[in-house]
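Asks: Residue numbering for the sequence shown follows full-length UniProt numbering, beginning at 1 and increasing consecutively. Each residue gets a CB set at the ideal place from its N, CA and C atoms; glycine is no exception. Input: one structure, supplied below.
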Amino acid sequence: MVTVVQEISCVEMDPTAAKAHIPEPEFFEYTSRDAIIYALGVGAQAKTDLRYVYEMAEDFLPLPTFIVAPGLKAAGIMGWP
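See the structure below:
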């Protein structure tokens, strides 16, 4: 049995400081292979979604939801490439 404990912080936030904060840029590099594996993982099929699963397709591009990948990696989701 696994017990999950979540700690909640009760520190007050300064809205002015939060608005003034400029975060460091984060960079996320990916290959066409990464985009294809993601597309297949969420159910894309060659028959209907060729542009997402075949890198030589004329209009190849990652699924629009692929943008969540950097967030998953930054959040420490285990097993993300």
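Give the straight-line distance between the Cα atoms of residue 30 and residue 22, rounded to the nearest whole angstrom.
Replies: Numbered from its first residue, the sequence shown carries residue 30 at position 30. Numbered from its first residue, the sequence shown carries residue 22 at position 22. Distance between the alpha carbons of residue 30 and residue 22: 25 Å.
Asks: Give a yes or no on whether the C-beta atoms belonging to residue 42 and residue 16 are separated by under 8 Å.
Replies: Mapped onto the sequence shown, residue 42 falls at position 42. Mapped onto the sequence shown, residue 16 falls at position 16. Cβ atoms of residue 42 and residue 16: not closer than 8 Å.
Asks: Leaving out five residues on either side along the sequence, give the residues of the same chain with a beta carbon under 6 Å from the beta carbon of residue 52.
Replies: Start at 1 with the first residue of the sequence shown, and residue 52 comes out as number 52. Only 39, 44, 63 meet the Cβ criterion.
Asks: Measure the alpha-carbon distance for residue 14 versus residue 24 and round it to whole angstroms.
Replies: Taking the first residue of the sequence shown as position 1, residue 14 is located at position 14. Taking the first residue of the sequence shown as position 1, residue 24 is located at position 24. Approximately 19 Å between the Cα atoms of the pair.
Asks: Quick check: the Cα distance between residue 54 and residue 20, rounded to an integer number of angstroms?
Replies: What you label residue 54 is simply residue 54 of the sequence shown in a count that begins at 1. What you label residue 20 is simply residue 20 of the sequence shown in a count that begins at 1. Going by the C-alpha atoms only, they are around 43 Å apart.
Asks: Which same chain residues end up closer than 6 Å to residue 59 when comparing Cβ atoms and leaving out the 5 residues on each side of it in sequence?
Replies: The residue given as residue 59 occupies position 59 in the sequence shown. These residues qualify, in order along the chain: 51.
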